[in-house]
Amino acid sequence: MNELDQLALSQSSVLMSEMRGVELLGDWEPIPSSNAWILRVRLELLNTAPTKDIPLFTEWGVIVDFNIDPWGKVQVHPSNGPGGVTTTFEHQQYNGGPHPLWPVRNGHICSLSETHGLAASRNAMETEPTSTVHRVVWHMARAVEWLQCAATDTLTVAGDYFELPDFDTAFRYKIADSKNRIFTLAYYEDRDSFSHWKQSHFYIGTAAVSYLNHVAIVREFKDHRGDKTVHKPSWGTAINQLQSHQDALWVRLDEVPAINRWQVPTTMKELADAVASQGKSLIDLLRPALAKLETHNELLLFVGMPIPRKVKEAPYRYHWQALVLSPKTNVSAKARVSLVENALRSTSPVRWVSRAENWHPDDLQNRGRVSPPLRKANVLLLGAGALGASLAEQLVRMGVTDMTVVDPDLLEAGNLVRHPLNLPQLNRNKAVSVADGLNHANPSARVVGLAVSATSKDKALEDAVRAATLIIDATASDTVLRELPFLGITGYVPVISISLGLHAQRLFFYADSASCFDADAFYKWFNPYRVEEHLAVLKEDMPRGIGCWHPLTPARLNRIVGLAGVAVELIEQVCEGQISLPVGCCHSWHAPKLETAERESVA
């Protein structure tokens, strides 16, 4: 922090002193051992009647951290003195005690706008001022508004998106051995599984868990004896190949366990009391499963709670949050029951695994998915070259889960310039390697790689043809198209041919029904373009491999990936079924051109 920053803070104090409802309780003070400053203020509740949790006057600490943001990251925390708010409200971080670094309480309020994250990546207009002076004043005005909403119970209203309480408590679960530390719980829930749970009479049981890079993945829910499967999520190939351990318990509640309005329990007794407020005894629920579970490892408990999509709506799926129920111990199952019973009557801290994620595609892929008809397709992809592999990666990452990739070729060193595979896959089959990578790119993916020719009589390929609801030919081979229609195809199955022109300057896209594909019709459409490509080749000094007979097709990776993305858009149109087949499209790559950016003249 420099003198200009200090001057900015001083100027912000002048402006805040003129704000209605804001009283400064001193000057800005540096916080030792940090690059942050604090200003203590007293806020008056304006135009609203005080409540038990929000009195007329409350005290706060305004923190400006210049280490995180050179212009100062601003947070408004309740004071840890008598005038500080002790309740945890919606749109507030965990407020259960003092901050570990700063002389305030933990629970800073959410004074940012809802578009802040988008604005930070230039996808929306920035609402938070950029200068230190105006930024501090802006957050102070938001804090005054937040107080009014807290007092009138309007921090969340019907139709707002539902937000869970903050599970990142002061007792965040950490252990010394980083090999065993769990950072995240991953589960798989949607509306269908919610309906299944609502029909189930099981509220407690054991869970099979897999571990991947500090993530605990819930593989299967069983009854308290560990004999009967209660619910098994539909994981993809990569998750199902992980080793599974039955060393966790699960309990299903009727609502989010919360105390102090919207605060998660931070002691074991608080947790037991929160469950008791729902008419259940946590120890009575856990006792049968604890008595049967023979493990000396650290024991996780998965707490399930129904949540709505929006405030005041009915729940639509379960959320699961993990905590460490008991430490690693060598005692018997009977003795462990006694340990847990005693813990649930004590003030021992709840060791929450603070991060929990729903890995169902509805949540995991909500940043960008292909349309439902394409997501539901069982894709047979012929050809795992640069174009086919790039297309496959885009499809699977954006929601396609069922795919068979077919290619007999091995990855060569010359392929690395534009193929998504890498040196570890050198001299390995492209289709098998691509399938393995895709299964690890999407936890729901079930991709199979077949190291055979698209025209072979392989049994696995014949089965894949019969199962396919969409066939994509990325081989650029006339031989493959002459084999159509493949035996075993029934009903409406689109077959799409995609290929690239010289230098990946053009994408050639053609689609017809697989059951009546007419190769001659395709050639009639494509031959004018083929002639143009041929004439261009004759004018080029083509790159060559070993031997004069070995010209190589020039095409840069950036264009291949871009045109694969165009192919995705066209495939979606075909899968949505609103276009009569056959259809064709020749899409040209247009290199972008820079334009001079005008500068504002400085007077």
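Per the UniProt record's numbering, the sequence shown runs over residues 1 to 603. A virtual CB, placed ideally from N, CA and C, is assigned to each residue, including glycine. Keep in mind the model is a prediction, meaning the values are calculated, not measured.
* Asked: Going by other Cβ atoms of all chains shown within 10 Å of its Cβ, with 16 needed for buried, is ARG446 buried or exposed?
  -> As a first step, residue 446 must be located in the sequence shown, where it is residue number 446. Per the 10 Å Cβ criterion, buried.
* Asked: Taking the alpha-carbon positions, what's the GLN321 to ALA272 distance?
  -> Here residue 321 refers to the residue found at position 321 when the sequence shown is read from its first residue. Here residue 272 refers to the residue found at position 272 when the sequence shown is read from its first residue. Each residue's Cα considered, the two are about 15 Å apart.
* Asked: Does ASN342 have its Cβ less than 8 Å from a Cβ in chain B?
  -> Here chain B cannot be found, since the structure has a single protein chain.
* Asked: Does the pairing of the segment 444–460 with the segment 386–405 give three or more beta-carbon distances under 8 Å?
  -> yes
* Considering VAL64, what are the terminal residues of the beta strand (DSSP E) in which it resides? -> Numbered from its first residue, the sequence shown carries residue 64 at position 64. Segment 57–65, the beta strand (DSSP E) holding VAL64.
* Out of curiosity, what's the CA-to-CA distance linking TRP102 and THR169? -> On the sequence shown, position 102 is the one that residue 102 refers to. On the sequence shown, position 169 is the one that residue 169 refers to. In a straight line, the C-alpha of TRP102 is about 15 Å away from that of THR169.
* Helix, strand or coil: which one does DSSP assign to CYS586? -> To locate residue 586, count along the sequence shown from 1; it is residue 586. In the structure shown, CYS586 sits in a strand (DSSP, three-state: E or B).
* Write down every uninterrupted run of the beta strand (DSSP E) in the segment 371–422 whose length is 3 residues or greater and which is fully enclosed by it, in chain order. => 378–382, 402–406
* Asked: CA-CA distance, LYS179 and ASN213?
  -> Here residue 179 refers to the residue found at position 179 of the sequence shown. Here residue 213 refers to the residue found at position 213 of the sequence shown. Note that LYS179 scores 48 on pLDDT, short of 50, meaning its location in the model is unreliable and no value can be drawn from it.
* To do: Report the three-state DSSP secondary structure of VAL448 (helix, strand or coil).
  => Position 448 of the sequence shown holds residue 448. Looking at VAL448 - three-state DSSP - the assignment turns out to be strand.
* Starting from VAL331, trace the alpha helix (DSSP H) both ways and give me its first and last residue. => By one-based count along the sequence shown, residue 331 stands at place 331. Run containing VAL331: none; DSSP gives neither H nor E here.
* Can the beta-carbon of ILE63 be found closer than 8 Å to that of ILE38? -> Along the sequence shown, one-based indexing puts residue 63 at 63. Along the sequence shown, one-based indexing puts residue 38 at 38. In contact: ILE63 and ILE38 (Cβ atoms closer than 8 Å).
* Does the distance from the C-beta atom of PHE508 to that of ILE496 stay below 8 Å? -> On the sequence shown, position 508 is the one that residue 508 refers to. On the sequence shown, position 496 is the one that residue 496 refers to. No, the pair does not count as a contact, with Cβ atoms beyond the cut-off.
* **For LEU299 and ILE283, the rounded distance between their alpha carbons** => Residue mapping note: residue 283 aligns to position 283 of the sequence shown, counting from 1. Residue mapping note: residue 299 aligns to position 299 of the sequence shown, counting from 1. Cα-Cα distance, rounded: 15 Å.
* Among all the DSSP beta bridges, which residues are the ones paired with VAL157? -> As a working mapping, residue 157 is identified with position 157 in the sequence shown. DSSP, once it has assigned bridges, lists no residue as partnering VAL157.
* To do: From the DSSP output, in three-state form, read off GLY205 for me.
  => Indexing the sequence shown from 1 puts residue 205 at position 205. Note: GLY205 maps to strand in three-state DSSP.
* To do: Alpha carbon to alpha carbon, how far is LEU147 from LEU46? Give it in angstroms, no decimals.
  => The residue you call residue 46 lines up with position 46 of the sequence shown. The residue you call residue 147 lines up with position 147 of the sequence shown. Approximately 9 Å, taken between the alpha carbons.
* Could you round the C-beta distance between ALA555 and HIS503 to whole angstroms and report it? I think they count as a contact, below 8 Å. => In the sequence shown, the residue the question calls residue 555 occupies position 555. In the sequence shown, the residue the question calls residue 503 occupies position 503. At roughly 6 Å, the Cβ-Cβ gap stays under 8 Å, so ALA555 and HIS503 are in contact.
* Look up SER499 in the DSSP assignment and say whether it is helix, strand or coil. => To locate residue 499, count along the sequence shown from 1; it is residue 499. The answer is strand: DSSP assigns SER499 an E or B state.
* To do: Might you give, ordered along the chain, the residues of its own chain that have their beta carbon closer than 6 Å to the beta carbon of GLN85, omitting 5 neighbours on each side?
  => Counting from one through the sequence shown, the residue named residue 85 turns up at place 85. Per the sequence shown, the amino acid found at residue 85 is Val instead of Gln. Closer than 6 Å at the Cβ level, and outside the excluded window around VAL85, lie THR58, PRO78.
* **Anticipated Cβ contact below 8 Å, ALA386 with ARG418, distance rounded** => Position 386 of the sequence shown holds residue 386. Position 418 of the sequence shown holds residue 418. About 4 Å separates the two Cβ atoms, so the contact holds.
* What is the residue span of the alpha helix (DSSP H) that ARG351 lies within? -> Position 351 of the sequence shown, counted from the start, is the residue given in the question as residue 351. It is not in any alpha helix (DSSP H) - ARG351 instead sits in the beta strand (DSSP E) that spans 351–353.
* Residue environment, ASP27, which counts as buried when at least 16 other CB atoms sit within 10 Å -> One-based indexing of the sequence shown puts residue 27 at position 27. Exposed.
* Asked: According to DSSP, is LYS310 helix, strand or coil?
  -> Taking the first residue of the sequence shown as position 1, residue 310 is located at position 310. Here LYS310 sits in strand by DSSP.
* **Buried versus exposed, by CB contacts within 10 Å (16 or more), THR127** => Residue numbering aside, residue 127 sits at position 127 when the sequence shown is read from its first letter. Under this definition THR127 is an exposed residue.
* Measuring CB to CB, does GLY205 end up less than 8 Å from ALA289? -> Residue numbering aside, residue 205 sits at position 205 when the sequence shown is read from its first letter. Residue numbering aside, residue 289 sits at position 289 when the sequence shown is read from its first letter. The answer is yes: Cβ separation under 8 Å.
* To do: Return yes when the Cβ of ILE182 is within less than 8 Å of the Cβ of VAL74, no when it is not.
  => In the sequence shown, the residue the question calls residue 74 occupies position 74. In the sequence shown, the residue the question calls residue 182 occupies position 182. No, the Cβ-Cβ distance between VAL74 and ILE182 is not below 8 Å.
* My understanding is that TYR318 touches PHE194, with C-beta atoms under 8 Å, so please give their C-beta distance in whole angstroms. => Taking the sequence shown and counting its residues from 1, the one referred to as residue 318 is at position 318. Taking the sequence shown and counting its residues from 1, the one referred to as residue 194 is at position 194. Right, their Cβ atoms sit about 6 Å apart.
* Do you know offhand how far ILE259's Cα is from ASP436's? -> Walking along the sequence shown from the start, residue 259 turns up at place 259. Walking along the sequence shown from the start, residue 436 turns up at place 436. Using only the alpha carbons, I get a separation of about 46 Å.
* Run of the beta strand (DSSP E) containing ILE38, from where it starts to where it stops -> If you number the sequence shown from 1, residue 38 lands on position 38. That run of the beta strand (DSSP E) goes 36–44.
* Asked: Looking at SER332 and ALA343, is the spacing between their C-beta atoms short of 8 Å?
  -> Start at 1 with the first residue of the sequence shown, and residue 343 comes out as number 343. Start at 1 with the first residue of the sequence shown, and residue 332 comes out as number 332. Against a cut-off of 8 Å, the Cβ pair of SER332 and ALA343 comes out as no contact.
* Bridge partners of MET305, per DSSP? -> The residue given as residue 305 occupies position 305 in the sequence shown. Answer is HIS319.
* So PHE167 and TRP250 are in contact, right, with Cβ under 8 Å, and what is the actual spacing, rounded? -> Locating residue 167 in the sequence shown gives position 167, counting from the first residue. Locating residue 250 in the sequence shown gives position 250, counting from the first residue. Going by Cβ atoms, the distance from PHE167 to TRP250 rounds to 16 Å, so no, they are not a contact pair.
* **Where the alpha helix (DSSP H) containing HIS134 begins and where it ends** => Residue 134 sits at position 134 when you count from the first residue of the sequence shown. Looking at the DSSP string, the run of the alpha helix (DSSP H) that includes HIS134 is 132–151.
* **Option in VAL133, GLY97, SER113, GLY107 with minimal Cα separation from ALA8** => Within the sequence shown, the letter at position 8 stands for residue 8. Looking at the Cα atoms, VAL133 is the closest of the given residues.
* How big is the Cα-Cα spacing for ASN95 and VAL264? -> Walking along the sequence shown from the start, residue 95 turns up at place 95. Walking along the sequence shown from the start, residue 264 turns up at place 264. When rounded, the distance between both Cα atoms is 10 Å.
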